[in-house]
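Trainee:
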Amino acid sequence: MINEATLAESIRRLRQGERATLAQAMTLVESRHSRHQALSTQLLDAIMPYCGNALRLGVTGTPGAGKSTFLEAFGMLLIRDGLKVAVIAVDPSSPVTGGSILGDKTRMNDLARAETAFIRPVPSSGHLGGASQRARELMLLCEAAGYDVVIVETVGVGQSETEVARMVDCFISLQIAGGGDDLQGIKKGLMEVADLIVINKDDGDNHTNVAIARHMYESALHILRRKYDEWQPRVLTCSALEKRGIDEIWHAIIDFKTALTASGRLQQVRQQQSVE
35 MINEATLAES IRRLRQGERA TLAQAMTLVE SRHSRHQALS TQLLDAIMPY CGNALRLGVT
95 GTPGAGKSTF LEAFGMLLIR DGLKVAVIAV DPSSPVTGGS ILGDKTRMND LARAETAFIR
155 PVPSSGHLGG ASQRARELML LCEAAGYDVV IVETVGVGQS ETEVARMVDC FISLQIAGGG
215 DDLQGIKKGL MEVADLIVIN KDDGDNHTNV AIARHMYESA LHILRRKYDE WQPRVLTCSA
275 LEKRGIDEIW HAIIDFKTAL TASGRLQQVR QQQSVE
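In terms of this note's numbering, the sequence shown is numbered consecutively and its last residue is 310.
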C-alpha cells in the first residue's frame, strides 16, 4: 500500500505506467480509511497536471447485450493500433465482494492479459453515486499512467447512464435486437444522452432483426433534440463475437471527437466534467 513515505516514488512509478503501482493507487483511492483518504487527496492533486490527454468513453448496456465480448474485441483492436486501454467497470448491482462485473473481467481474457491494457472492477453495492465518484478518480489515475483510451463500463439500469455520460467524452449504448419491439427496451433518457447506439449480435440468423432495430433507432433519434448541434447520433451494428463492425465503431468515435474538437465543444465538455 502507498504511504506518506513512498508517495513521491509511487507517483513517479505511476507516471511511468507501472501497472502494479496503478493498482496500488486505485486501492488507496477506494479506501474509506480517513488516513488513506487524506493521502489519496494528495495523490490526486499531484497527478492532475498529467491528466486529460486520454479519450474518455462510456459504454452501457442491459445484461445480455454482450458488453464483455464487445469490450474485449474493441479493446484488442485499439491495442493493435498501438494504444493503451483501461477499462473501469462499474456495476450498481454488484456486492462489495464481487458480483457479476468481476466475472466480466475473467471473460475478457485476452484484454486482461495484454500488457498495454488495464481492467479494474468497481463494485458499488447498489449505490451508484459513490461508485461514480470513484470511477472518475480511477479514470484520472489511468490518464496519469499514460493510457490513451479510458472506458467506463456500467449496466444500463437506474441513473447509471446519465452518471456515466457526464464523466466521459463519448457515450455508447450497447443494445441487442429483439422481436421488433426494440424501442421498449431503451429509455428516452438514454436515447437523449447516447452519442452512438451500437446493436450487437448482428450474426447468425439475427441479421433481419438487427436491420429492423437499426431503422427504429435511427427514426427515433431523428425526432429527438440533438445533444450537440455538431453531432447527429449514429446507429451502428456489429458482431463482437465474430469481431465484425468493430473498426467502424472506432472510426465513428474518431469522427465524433473530430467534430466536437473542431467546434470547441469538447473543451467545454471537459470543463464541465472538471466542475462536476
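From the three backbone atoms N, C-alpha and C, an ideal C-beta is built for every residue, glycine too.
Below 6 Å CB to CB, which residues in the same chain sit around R268 once its five sequence neighbours on both sides are set aside?
Mentor: Residue numbering aside, residue 268 sits at position 234 when the sequence shown is read from its first letter. So the qualifying residues of the chain are L230, A286.
Trainee: Any idea which residues DSSP pairs W284 with across the strands?
Mentor: Along the sequence shown, one-based indexing puts residue 284 at 250. Paired residues: none, contrary to the question.
Trainee: Sorted by chain position, which residues of the same chain lie with C-beta nearer than 8 Å to K291's C-beta, five sequence neighbours on each side aside?
Mentor: Mapped onto the sequence shown, residue 291 falls at position 257. Excluding residues within five positions, the ones whose Cβ falls inside 8 Å are L89, D203, C204, L300.
Trainee: Determine contact between the region 260–277 and the region 228–243, defined as no fewer than three beta-carbon pairs at a distance below 8 Å.
Mentor: Result yes; three or more Cβ-Cβ pairs closer than 8 Å.
Trainee: So the alpha helix (DSSP H) S253 belongs to, where does it begin and stop?
Mentor: Here the question's residue 253 lines up with position 219 in the sequence shown. Per DSSP, S253 belongs to the alpha helix (DSSP H) from 241–257.
Trainee: Please report the residue range of the alpha helix (DSSP H) in which Q266 lies.
Mentor: Walking along the sequence shown from the start, residue 266 turns up at place 232. Counting along the chain, Q266 falls outside any alpha helix (DSSP H), and DSSP gives it neither H nor E.
Trainee: Can you have a look at M201 and say buried or exposed, based on whether 16 or more other CB atoms are within 10 angstroms of its CB?
Mentor: If you number the sequence shown from 1, residue 201 lands on position 167. It counts as buried.
Trainee: What are the uninterrupted segments assigned as alpha helix (DSSP H) that are 4 or more residues long and contained completely in the region 62–115, given in chain order?
Mentor: Those alpha helix (DSSP H) runs which fall completely within the region 62–115 and span 4+ residues are 68–81, 101–114.
Trainee: To which residues does DSSP link L208 through a beta bridge?
Mentor: Numbered from 1 along the sequence shown, position 174 holds the residue referred to as residue 208. L208 is bridged to G95, V232.
Trainee: Among V183, Q307, S253, whose alpha-carbon lies nearest the alpha-carbon of G116?
Mentor: Walking along the sequence shown from the start, residue 116 turns up at place 82. Of the listed residues, the one whose Cα sits closest to G116 is V183.
Trainee: Can you give me the Cβ contacts of E106 inside the same chain, cut-off strictly under 7 Å, excluding the 5 residues immediately before and after it?
Mentor: Position 72 of the sequence shown, counted from the start, is the residue given in the question as residue 106. So the qualifying residues of the chain are M142, D144, L145.
Trainee: In its own chain, which residues sit with a C-beta less than 7 Å from the C-beta of P97, not counting the 5 before and 5 after it?
Mentor: Numbered from 1 along the sequence shown, position 63 holds the residue referred to as residue 97. Closer than 7 Å at Cβ, skipping near neighbours: V189.
Trainee: Report the CB separation of R49 from A178 in whole angstroms; it is logged as a contact under 8 Å.
Mentor: Here residue 49 refers to the residue found at position 15 when the sequence shown is read from its first residue. Here residue 178 refers to the residue found at position 144 when the sequence shown is read from its first residue. Confirmed, Cβ separation roughly 6 Å.
Trainee: Under the three-state reduction of DSSP, which class applies to V202: helix, strand or coil?
Mentor: Counting from 1 along the sequence shown, the entry for residue 202 is found at position 168. Three-state result, V202: coil.
Trainee: Leaving out five residues on either side along the sequence, give the residues of the same chain with a beta carbon under 8 Å from the beta carbon of Y84.
Mentor: Locating residue 84 in the sequence shown gives position 50, counting from the first residue. Hits under 8 Å: R49, E177, A178.
Trainee: Considering Cα atoms alone, identify which of E38, D79, Y251 is closest to L270.
Mentor: Here residue 270 refers to the residue found at position 236 when the sequence shown is read from its first residue. Nearest option by C-alpha distance: Y251.
Trainee: Is G133 helix, strand or coil by DSSP?
Mentor: The residue given as residue 133 occupies position 99 in the sequence shown. In this prediction, G133 has a pLDDT of 43, which is less than 50 and means its spatial position is unreliable; what the coordinates show is noted afterwards. Correct three-state label for G133: coil.
Trainee: What is the rounded straight-line gap between the Cα of S68 and the Cα of P155?
Mentor: Along the sequence shown, read from residue 1 onward, the residue named residue 68 stands at position 34. Along the sequence shown, read from residue 1 onward, the residue named residue 155 stands at position 121. Between S68 and P155, the C-alpha separation is close to 22 Å.
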